[in-house]
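Right, one structure below, let's go through it.
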Amino acid sequence: MVRALALLATAAVLCHFSSVANAGPLEITLVQKQGVEQNFAGFVRRAYQVTAAGDWAPGARESARVSVARPACNVTVAKTGPANYRTVQAAINGIPGNRGTKLWIICVKAGVYKEKVRVPSTATYVQMWGWSLDPNKVEITWGDTAGTRGPGGSPLGTYNSYTFAVEADYFSAYYMMIRNTAPRPADGAVGGQAVAARLTANYVSFFRCHFTGYQDTLYCHQGIHYFKNCYVRGSVDFIFGNGTVLFLKCQLYADVVTKGYLTAQNQAKPSEGTGFVIREGAISGTGLVYLGRAWGLASRVVFAKVFMSKIIAPVGWDNWGKPTDAIFYGEYKCYGSGAEEGRRASWAFQLTDAQARPFMSSNWIKARTWMPAAGIIPAALP
Ligand SMILES: *[C@@H]1O[C@H](CO)[C@@H](O)[C@H](O)[C@H]1NC(C)=O
Ligand SMILES: *[C@@H]1O[C@H](CO)[C@@H](O)[C@H](O)[C@H]1NC(C)=O
């Protein structure tokens, strides 16, 4: 069954990119660790395995060989050497219009790109590929905070503190690291919010990407978003906003000294239909960490089948001073020493199979209606 799936996936990749001259599989040697790394390797195999030998190997020591068919690049970005652009933003500014729904693929070679990057709403149907199987080697990095003065002299605010903003529908990125380098804000400090990525668009997805910061790392501001095999690191409210989001097999790392919050979801009314689902994957880190606190009156977050280390506060959730009747916080079949069902806030839910079903379905993010158009192959569906 697994083998059959892999073959189907292979056929899909080859078909999709068959007309492309510089498409090349990339064979690399992955050092496998446990858990999440293995999930990743499984994802890669299912989604992208092809047969030919590749052109890049990191010289890692062992163990599983994984080959990845990358799509053809329409343009490349590199710090040095042959490439179409030297900065990521220049490549984005160069995206041709009038493509209809035809994809535009930007490949970014390994390097540290010190830039504040924005993908404007006109740049639809774009894929961005880090040209390394180690996402940490293709880094986009900046260090603004909410308190940083903008061009007009006033503070940027959280919304504009991003390192990487996506405002275009049907954008996807692969194997990249997005970092906000602002230092850890002191307890109670004002203006320390420092967003690594802000997504204000529909049908935005990230595969095997890393997001790193402290307060407010990942702003899922608006729209339908999908993260698979990603790593998100932060301290306070580090996944936040009003998006309808699925995190599948992601690792959330809480870099917390005293107290932190994994999520701050911002749905105002239950009828809006937004919320975060964190499914499979793992939570680890330091400090005392809440699963979520209610930014919106109808804040909605579900953790399903997630490993939780002992850092999770036994009470689990914080209503942030709001009435609890419209807040929907649920857990379903989570495990690990932080998944202490017995001591959670009385107004939060341990979901039954029937209650969990809508959150366990790929329909949660309407995956099948948009992923093919975004060029995401079926094997990467949730
Ligand atoms: C992008 O590159 C591919 C492969 O070379 C090509 O088939 C496609 O037409 C290009 N896209 C556009 C919009 O030119
Ligand atoms: C949240 O998103 C929904 C759906 O897009 C929208 O109707 C609603 O106005 C948003 N709420 C806030 C507080 O942004």
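FYI, in mature numbering (1 follows the signal peptide of the UniProt record, and there is no 0) the residues of the sequence shown are -23 to -1, 1 to 359. Every residue gets a Cβ at the ideal spot worked out from N, C-alpha and C, and that includes glycine.
Taking a C-beta distance under 9 Å as the contact criterion, Ile288 and Gly319 do not qualify as a contact pair. When secondary structure is reduced to three states using DSSP, Lys236 falls in the strand class.
Between ligand 2 and Gly250, a heavy atom-to-CB distance of less than 8 Å is present.
By the C-beta criterion, the region 127 to 140 is judged not to be in contact with the region 80 to 88, since fewer than 3 inter-stretch pairs fall below 8 Å.
For Ala49, the distance from the CB to the nearest heavy atom of ligand 1 is below 8 Å.
Note on Gly130: under 16 other CB atoms within 10 angstroms of its CB, so exposed under the neighbour-count rule. A contact is defined here as three or more CB-CB pairs under 8 Å, and the region 302 to 309 meets this definition with respect to the region 266 to 274. Here Val167 is exposed: its Cβ has fewer than 16 other Cβ atoms, across all protein chains shown, within 10 Å.
Proximity of the beta carbon of Leu80 to ligand 1 is indicated: a heavy atom of the ligand is located closer than 8 Å. Under the three-state reduction of DSSP output, Asp330 falls in the helix class. When beta bridges are read from the DSSP output, Gly218 appears opposite Gln242. Between the alpha carbons of Arg277 and Glu116 lies a distance of about 31 Å. Between Cys186 and Pro112 the beta-carbon gap is near 6 Å, inside 8 Å, which marks them as a contact.
Residue state for Gln170 is assigned as coil, using DSSP reduced to three classes. A residue is called buried when at least 16 other Cβ atoms come within 10 angstroms of its Cβ; Gly107 meets this threshold and is buried. Ranked by Cα distance from Gly250, the first of Trp341, Arg63 and Pro59 is Trp341.
When the five nearest sequence neighbours on each side are left out, the beta carbons in the same chain lying within less than 7 Å of the beta carbon of Tyr312 are those of Phe284, in order along the chain. In the three-state DSSP reduction, Met285 falls in the strand class (E or B). Judged by the Cβ position, Arg334 fails to qualify as a neighbour of ligand 1 at the 8 Å threshold, every heavy atom of the ligand being at least this far. Less than 9 Å divides the Cβ of Ala100 from the Cβ of Trp81. A straight line joining the alpha-carbon of Arg175 with that of Arg95 spans about 9 Å.
Non-local C-beta neighbours of Ala333 in its own chain, meaning closer than 7 Å and more than five positions away in sequence, comprise Ala281 and Tyr309, ordered along the chain.
Around the Cβ of Arg126, a 10 Å sphere holds fewer than 16 other Cβ atoms; the residue is exposed. Cβ contact annotation for Gly273 (same chain, cutoff 6 Å, sequence separation greater than five): Asn243, Gln244 and Ala245, in chain order. In the DSSP assignment, Gln192 falls outside any beta strand (DSSP E) and carries neither an H nor an E. For Ala344, the enclosing alpha helix (DSSP H) begins and ends at Ala344 to Trp347. The Cβ-Cβ distance between Ala322 and Asp295 falls below 9 Å.
Counted as a single uninterrupted DSSP element, the alpha helix (DSSP H) harbouring Val65 occupies residues Val65 to Asn70. Here Phe204 is near Phe183, since their CB atoms are less than 9 Å apart.
For the beta strand (DSSP E) assignment, the uninterrupted runs of no fewer than 3 residues enclosed by the region 84 to 108 are, from N- to C-terminal side, 88 to 91, 94 to 96 and 103 to 107. Note on Gly77: under 16 other CB atoms within 10 angstroms of its CB, so exposed under the neighbour-count rule.
When beta bridges are read from the DSSP output, Ser182 appears opposite Ser149 and Tyr203.
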